[in-house]
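**Q** Residue numbering for the sequence shown follows our numbering, beginning at 23 and increasing consecutively. Yeah, the Cβ is synthetic: ideal placement off N, Cα and C, and Gly gets one too. Following this message is one structure expressed as structure tokens.
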Amino acid sequence: MKKKLKIDMHTHSKFSPDSEMEIEKMVEVAKKKGLDGFAITDHNSLKAKKYVDKMKLKDFVILVGEEIDTGERNEIIAFEIQKEIPKKLGICETYKEIKKQKGYMIFPHTFDIARKHIGKRINWFESNFAIEVLNSRCIFDSLLKSNKRAVKYARKNRIPMSAGSDAHTYDEIGTAYLEIEAEPNAKAVMNAIKEGKGEPKGKTTSTFFLVKDWFRCAIAHHSH
Ligand SMILES: [Zn+2]
Ligand SMILES: [Zn+2]
């Protein structure tokens, strides 16, 4: 049965070099916060997929995507792919590989100049993609307006929207999420996103928290 679901479309599990989150505990935390599911979008890794396939999930949806660093100062999240795509292939090769696997792209933090982002190069792609219009880790967002620009761009060009916390720690899970009407399973949620049914909800994470977390990553010798 279709339900209005709350899905955080951008999180990082322990399969990302800069997160230590265990997937079971992520589910526990997310349920407590009232989420119906989340997407695991690890950096250059699809390892979570095998792991999630083996989990017996009840009343909870997990989607798995790969946040691929193209090596050309941008990142693409590929959903519905079966095989991990290597990082730094360049934007053209990465796109070709996603297309070959019939994957679906979501551009993360699309206009965030403080991080790797697709920006104006978005015009280069055919229409089969969504853009993240709310990413909680967009720093100084009231000043840089990265999220606002993304919403505007999506609305103007009728591009499906996505939203997520970009959580690397448990506290961040659900800070932003997509509200979407769909059957509670990964395929149905993905299809509803493609149809542009998702509504971004939530807020950005505080700058203080983000700076603190950069130190955590730096100390752990992680690069992101
Ligand atoms: Zn991310
Ligand atoms: Zn990261």
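1. On the three-pair Cβ rule with 8 Å, is the region 124-138 touching the region 87-100?
2. Is the beta carbon of K25 sitting closer than 8 Å to the one on P206?
3. Please name the residue in F60, M31, M23 whose C-alpha comes closest to that of I153.
4. Quick one: using the 10 Å Cβ neighbour count with 16 as the cut-off for buried, is K71 buried or exposed?
5. Suppose you measure from the CA of T132 to the CA of K170; what does that come to, to the nearest Å?
6. Give every residue of the same chain whose Cβ lies closer than 6 Å to the Cβ of K223, excluding the five residues on either side of it in the sequence, and list them in chain order.
7. Mind listing, in chain order, the continuous alpha helix (DSSP H) runs of no fewer than 4 residues lying wholly within the region 140-177?
8. Confirm the yes/no value for this check: CB of H32, any heavy atom of ligand 2, distance under 7 Å.
9. Tell me the DSSP bridge mates of F230?
**A** Looking at the coordinates:
1. Note that the region 124-138 touches the region 87-100; at least 3 beta-carbon pairs, one per stretch, sit closer than 8 Å.
2. Taking 8 Å as the cut-off, the Cβ atoms of K25 and P206 count as close.
3. From the listed residues F60, M31, M23, the smallest Cα separation to I153 is found for M31.
4. By the 10 Å Cβ count, K71 comes out buried.
5. Straight through space, the alpha carbons of K170 and T132 are spaced by roughly 11 Å.
6. So the qualifying residues of the chain are Y199, E201.
7. If one requires a minimum length of 4 residues, the alpha helix (DSSP H) runs lying completely within the region 140-177 are 163-166, in chain order.
8. Ligand 2 has no heavy atom closer than 7 Å to the beta-carbon of H32.
9. None, per the DSSP bridge assignment.
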